[in-house]
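First up is the structure itself, then whatever we jot down about it.
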Amino acid sequence: MFDHIDTDRRPVVLIWEVTQACELACRHCRADAQPARHPDELTTAEGKRLLEDAADFGENQLVVLSGGDPLTRPDLLELAAYGDDLGLRMTITPSGTRSLTPDRVADLADAGIKRMALSLDGATAETHDAFRGEASFADTVAAAEAAADEGLPLQINTTVCADTVDELPAIRDRVRDLGAVLWSVFFLVPVGRGRVLDPIAPDRAEAVMEWLQAVADEERFGVKTTEAPFYRRVGLQGATDEAHTTASSSPRRAGITAGRGFAFVSHTGEVYPSGFLPESAGNVRDRSVVDVYRNADLFEELRDPDAYRGKCGACEYRHVCGGSRSRAYATTGDPLASDPLCPYVPEGYDGPLPEGFDELSSAESEDSRSDVAAF
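Now the structure itself:
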C-alpha cells in the first residue's frame, strides 16, 4: 500500500489529535482522555493552517482526525471538509458513543471523510465493555452499520493485551460480519492509562503474528499491525527465499514505525513521532509539520535503522521491521533501544537483551501460550 512513498520525505500516516476530550474513560487510553476540551487546543484557524501544511507533503496525503473523541469539536465537519478540499485523504477515529448517530455518520461522509475507524476490543458487549470500562459496544456496532449504509469504508481497531488476546478469533468474525475493509491490530504500549494493563509475552505475540498472517490470506479484509512491525518479519520468514531476498533488501519495503512513515500532532500542536512516543520535535504553531517531519533530529534518527541499539540494531530485518520505537521508549526511555515484545534474536548476537524482555517472556504460562499457538 505504501511501497511507493518515500518515508524520508512524507509520512504514510499523519494523525492529528484534534482534542483529548471524550465521554469515555477507557482503561487503555493513550491520551488519558478527559471530559472537557483543553483550553489550548489548536483553534479552527490553526487547524486549517496545519491541514494546508500537510497538503505540502504531496498528493493524497492521509490525515487521521483522532482524539479523545473528535466529535466533541463543533468545528469538526468544517475541518474535515477543508482538508478534503485541499486534496487530503481525510479519515477519522471517533469514539463509539451515543453521539455517533447515523445522522452524524452521514454528515462525516458528506464532509469528505474517506474512512472511519472504530475500536472493537471484544466480540460481545460483555467482553468489549468490560475491557473498556464503558458501555460502548452497542453504539460501536450501530455506528459500523451506519457506515455501511452510507458506503463509508470501515476500519476496526483492536488492542492486544493479556485481557483481550483470547478474544481475537471471535473479534475476527465480527470484523468480517461488519464488512470492514481493514483490521488494525494494536499491540499494547504502556503509555497513558495503558500502563496498568498487562502485555502478552513475546513468544505469544509471535504466535499471534503467525495467526494474523493466515487471517490476512484467508479474509477479504486487510490486516495490519500497529506498534508491532515484526509482523513483517514473521511474514518474510514464511515467504519464499526469492520474496525474502527482494523484500529484505529494498528500503521501499520498510514497515511504518514512529517517525518513519508516521507522525502525530497533539491537540496542542506538538509534533511527535507517534502518539505512543510523546517526545516533541516541535510545534505546528511555530514550525511547519513538513519541516519537523523532514528535518527534526529526532525524526531523522528514527528513520535510520542502522542507528538502533541492541538486538534491533543487529537484526537483519531492521530495515523492514525496526521494532516498535514507541515501546522501546516507553520501557527504557530510549527510542533507539530494542523492542522488548519481539522474541527474535539475530543469529550470532550475544549482546544485551531489551530491558523487560525476560519479564515479558515469563509473564505467561506455557499453557496460555499454547492456546494462541494453536490458532
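Residues in the sequence shown are numbered from 1 upward in steps of one, following full-length UniProt numbering. We treat Cβ as the ideally placed atom computed from N, Cα and C, and that holds for glycine.
- The segment 326–338 makes no contact with the segment 280–289; the number of CB pairs closer than 8 Å stays below 3.
- Per DSSP, the continuous beta strand (DSSP E) segment holding leucine 118 begins and ends at 115–119.
- One alpha carbon belongs to proline 278, the other to valine 292, and they sit about 14 Å apart.
- With at least 16 other beta carbons inside 10 angstroms of its own, threonine 91 counts as buried.
- Comparing alpha-carbon positions, the option among Ala228, Arg98 and Ala216 lying closest to isoleucine 200 turns out to be Ala228.
- Contact between alanine 147 and threonine 72 does not hold, since the beta-carbon distance rounds to 19 Å and is not under 8 Å.
- Taking arginine 232 as the centre and dropping the five residues before and after it, the same chain places the C-beta of Gly255, Val320 and Cys321 closer than 7 Å to its C-beta, in chain order.
- Inclusion of glutamine 61 and leucine 88 in the CB contact set at 7 Å is warranted, their separation being smaller than that value.
- Positions of the alpha helix (DSSP H) runs, each at least 4 residues long and wholly inside the segment 56–124, are given as 76–85 and 102–110 in order along the chain.
- When the beta-carbon positions are compared, proline 153 and arginine 115 come within less than 7 Å of each other.
- For the pair valine 215 and proline 102, the Cα-to-Cα distance works out to about 30 Å.
- In the DSSP annotation of this structure, serine 184 is not part of any alpha helix (DSSP H); the continuous beta strand (DSSP E) holding it starts and ends at 182–187.
- Distance between glycine 151 and serine 136, taken at the CA atoms: about 23 Å.
- With respect to the 7 Å criterion, arginine 318 and proline 305 are classified as neighbours on the basis of their beta carbons.
- Of the residues assessed, threonine 124 falls on the exposed side of the cut-off, its CB having fewer than 16 other CB atoms within 10 angstroms.
- Pro74 is the residue among Pro74, Phe57 and Asp129 whose C-alpha sits nearest the C-alpha of leucine 42.
- Assignment of phenylalanine 264 by DSSP, reduced to helix, strand and coil, places it in the strand class.
- With contacts defined by Cβ atoms closer than 7 Å, tyrosine 349 and alanine 307 do not form a contacting pair.
- Annotation for glutamine 213: the continuous alpha helix (DSSP H) segment containing it runs 202–218.
- Relative to the Cα of glutamate 218, the nearest Cα in the group Ala109, Asp173 and Val185 belongs to Asp173.
- Taking the CA atoms as reference points, glycine 67 sits about 23 Å from leucine 178.
- In the DSSP annotation of this structure, the continuous segment of the beta strand (DSSP E) that includes leucine 14 starts and ends at 13–17.
- Cα atoms of aspartate 163 and phenylalanine 221: separation of roughly 24 Å, rounded to the nearest angstrom.
- Distance check between aspartate 121 and each of Arg98, Arg49 and Gly133 places Gly133 closest, using alpha-carbon atoms only.
- Here histidine 267 is buried: its Cβ has 16 or more other Cβ atoms, across all protein chains shown, within 10 Å.
- Counting along the chain, leucine 154 sits inside the beta strand (DSSP E) bounded by residues 154–160.
- For valine 223, the enclosing beta strand (DSSP E) begins and ends at 222–226.
- Around lysine 48, the same chain offers Tyr82 as residues with beta carbons nearer than 6 Å, after the five sequence neighbours per side are excluded.
- In the DSSP assignment, the residues bridged to leucine 277 are Ser274.
- Assignment of beta-bridge partners to asparagine 283 by DSSP yields Glu270.
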